[in-house]
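Numbering (UniProt numbering), first residue to last: 1 to 650.
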Ligand SMILES: *Cc1c(COP(=O)(O)O)cnc(C)c1O
């Protein structure tokens, strides 16, 4: 154990400070103002941002475990959600005041980003002062929005908007139109040419006139991962000729005054502000043209795309963004004001469909490490003269490694190791000797890596060494269920230990999940420049839990997660700050095995019956004792009612 340390860790642990951890995990970059580190070396959460109050994340997790709430665990901080809504509205309010914009902002939350009922209910409540509405992208989301959104009483403000996007059939359109009778303000956004005649028919049949919008396919393209959401070949939206045809069709039906909104969405996580500006300029012109064509324009909906700085680098890297929320709001307001001033037309009510920027920060995923697998790096015994030449060569290489030759030594060691394997394959080396050769090779690698880490510049051929030498940390989590975008599109999320941050993390690891799928791992981590292939972690302490947190995961992850290997939903807890501390508002228990099995049509009672019959048979054949049979059945039954993840003592 201690000799392993001798090769790799050169700095003394006592000099490590909390500031070192802050810098290493870049917590200020991505976490400000919600996440920080306290003097105890634990991550803290300040759910109300700069407005005071903070919780020790480790203490919170311990308190929840005492309530028998197991890991992995999703913590949702309602106050963060409120703070994000406040911030977005404040940014638009500030921009509107600064530019003397003669209109308002009425944002909507895209339900697809996180449909969980408790979250949507919170969102509607927190959004009320700002008439913050919802955006539905499908029929089921429309049903959520209609039932959850409040409608204004006649004396109050105009009330929240309900933007209706996505593919629509007659049923969708009729429901949306009739919702006006309930006092809702649904705006049906035409995304496909066929929807125009459907809407005209439905409104004529029902005798209710709709409020309509048009989604334009802009030629301004997003960049990066979601870049294809715009452009001529985008899935949604009308091209300019299609927009002109829709206007003509509506005019002919005497419904042109229903057309009031222009919408565009150029993709999610737009990392460069220049892309947003280009889109705004193009949309501003189209808006002006629609006014000129006689539409009753009143709203401009700039869609989603407001980014989240996952790596805290403030760059146009895909995991970051090179602008602030205030920059974004200011650009939307300024560009549209200018476009309208040029044509001398009234400015529209501004809408954004910001999902990621509202929902990401409020949730934190906590999970524990089950164990690690380390590359063995003991200091090797000296090679004896009677040992095979290849082993003596490897030992000599090991001994000779220094700061001047470490790159050359790496190539030598690699070559000798490959030769040793060839010799083994041809029968010239026994298994013992091959084991000795491999151990020597790892010892060389460890020594070289310790030197390479001290250098400012690491040669390319040594970069893989970190990966080769990385420890594997086995985590009590399914990447497919809880961080699907990490698996599907290599999205980066900040991940760090939530405690021991006053100690130096001496290990370098990748994370391997519970599924028996080799893709179930996380081996890319945020870094100031680009990404890093290993994460700095602490060595496990016997009998002590080691908790990691994955942050900024409140958007898209929960609903996209899947049941690979039948790992179900995790436990989720809603936390609200109180003057005295915090309060658990809701506990949403994760799936039991019985529940996930029912998703694939296995009924618990018939499974149990089957098992019971088999034990009876085994009893009859005297293969099992009555006691064993009872024990087995009890375990089976208890499992059906329990969590799908592993249970570790707190
Ligand atoms: C997904 C989506 C959004 C949300 O985008 P974010 O980048 O999460 O803000 C908004 N509008 C439409 C039409 C979408 O498809």
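Just so you know, even glycine gets a beta-carbon here, dropped at the ideal spot from N, CA and C.
Just so it is clear, the structure is predicted and the values come from calculations on it, not from any experiment.
For residue i and residue j, what's the separation of their Cα atoms in angstroms?
| i | j | result |
| --- | --- | --- |
| residue 18 | residue 59 | 18 angstroms |
| residue 130 | residue 56 | 31 angstroms |
| residue 384 | residue 448 | 23 angstroms |
| residue 305 | residue 51 | 27 angstroms |
| residue 594 | residue 516 | 20 angstroms |
| residue 634 | residue 378 | 45 angstroms |
| residue 534 | residue 512 | 12 angstroms |
| residue 561 | residue 483 | 7 angstroms |
| residue 412 | residue 461 | 13 angstroms |
| residue 71 | residue 366 | 7 angstroms |
| residue 274 | residue 539 | 44 angstroms |
| residue 3 | residue 478 | Because the pLDDT of residue 3 is 43, which lies under 50, any placement of that residue in the model is unreliable, and the question is left without a value. |
| residue 88 | residue 607 | 51 angstroms |
| residue 410 | residue 399 | 12 angstroms |
| residue 124 | residue 117 | 11 angstroms |
| residue 5 | residue 375 | The predicted model places residue 5 with a pLDDT of 44, which falls under 50 and marks its position as unreliable; any figure quoted below should be read in that light. Roughly 12 angstroms separates the two Cα atoms. |
| residue 247 | residue 312 | 44 angstroms |
| residue 301 | residue 641 | 47 angstroms |
| residue 10 | residue 446 | Annotation note: pLDDT 48 at residue 10 (below 50); position unreliable, coordinate value reported separately. Cα to Cα, the separation comes out at about 12 angstroms. |
| residue 26 | residue 427 | 51 angstroms |
| residue 214 | residue 579 | 47 angstroms |
| residue 205 | residue 177 | 11 angstroms |
| residue 359 | residue 253 | 41 angstroms |
Can you check whether the CB of residue j is closer than 8 angstroms to the CB of residue i?
| i | j | result |
| --- | --- | --- |
| residue 310 | residue 552 | yes |
| residue 648 | residue 368 | yes |
| residue 567 | residue 432 | no |
| residue 651 | residue 624 | Any answer about residue 651 is impossible in this case: the structure gives the chain only from 1 up to 650. |
| residue 548 | residue 495 | yes |
| residue 658 | residue 636 | Given that the chain is displayed from residue 1 to residue 650, the structure contains no residue 658 and the question cannot be resolved. |
| residue 699 | residue 583 | The shown model of the chain, from 1 to 650, leaves out residue 699, and the question about it has no answer. |
| residue 291 | residue 345 | yes |
| residue 441 | residue 394 | yes |
| residue 287 | residue 256 | no |
| residue 505 | residue 536 | yes |
| residue 113 | residue 355 | yes |
| residue 157 | residue 133 | no |
| residue 329 | residue 493 | no |
| residue 600 | residue 587 | no |
| residue 199 | residue 181 | no |
| residue 220 | residue 282 | yes |
DSSP has residue i in a bridge; who is on the other side?
| i | result |
| --- | --- |
| residue 496 | 549 |
| residue 535 | 509 |
| residue 352 | In DSSP, residue 352 forms no bridge with anything. |
| residue 263 | 215 and 301 |
| residue 592 | 643 |
| residue 477 | According to DSSP, residue 477 bridges with nothing at all. |
| residue 385 | Bridge partners of residue 385: none, in fact. |
| residue 521 | 512 |
| residue 333 | Residue 333 is not bridged to any residue. |
| residue 363 | 76 |
| residue 369 | 475 |
| residue 105 | 350 |
| residue 526 | 531 |
| residue 55 | 45 |
Could you spell out where the beta strand (DSSP E) holding residue i opens and where it closes?
| i | result |
| --- | --- |
| residue 376 | Residue 376 -> no beta strand (DSSP E), and no H or E assigned at all. |
| residue 135 | 133-136 |
| residue 110 | 108-110 |
| residue 585 | 581-588 |
| residue 187 | 185-190 |
| residue 164 | 161-164 |
| residue 36 | 35-37 |
Identify the continuous alpha helix (DSSP H) that holds residue i and give its terminal residues.
| i | result |
| --- | --- |
| residue 572 | Not the alpha helix (DSSP H): residue 572 falls in the beta strand (DSSP E), residues 571-578. |
| residue 631 | 626-641 |
| residue 84 | 78-98 |
| residue 667 | Beyond the ends of the chain as shown, which are 1 and 650, falls residue 667; an answer cannot be given. |
| residue 18 | 18-25 |
| residue 416 | 406-425 |
| residue 567 | Segment: none, residue 567 is in no alpha helix (DSSP H) and carries neither H nor E. |
| residue 284 | 273-292 |
| residue 432 | 431-452 |
| residue 118 | 117-127 |
Does any residue of chain C bring its CB to less than 8 angstroms from the CB of residue i?
| i | result |
| --- | --- |
| residue 556 | This model lacks chain C altogether; it includes just one protein chain. |
Flag this pair as touching only if the stretch 98-114 and the stretch 160-170 have three or more C-beta atom pairs under 8 angstroms; answer yes or no. Between the stretch 98-114 and the stretch 160-170 there are three or more inter-stretch CB-CB distances shorter than 8 angstroms, so the stretches are counted as touching.
I'd like to know if the stretch 398-414 and the stretch 451-469 are in contact, where contact means that at least 3 CB-CB pairs between them fall below 8 angstroms. Short answer: they touch.
Any chance the stretch 262-271 sits against the stretch 310-319, with 3 or more Cβ pairs inside 8 angstroms? Yes, since at least three Cβ pairs between the stretch 262-271 and the stretch 310-319 fall closer than 8 angstroms, the two stretches touch.
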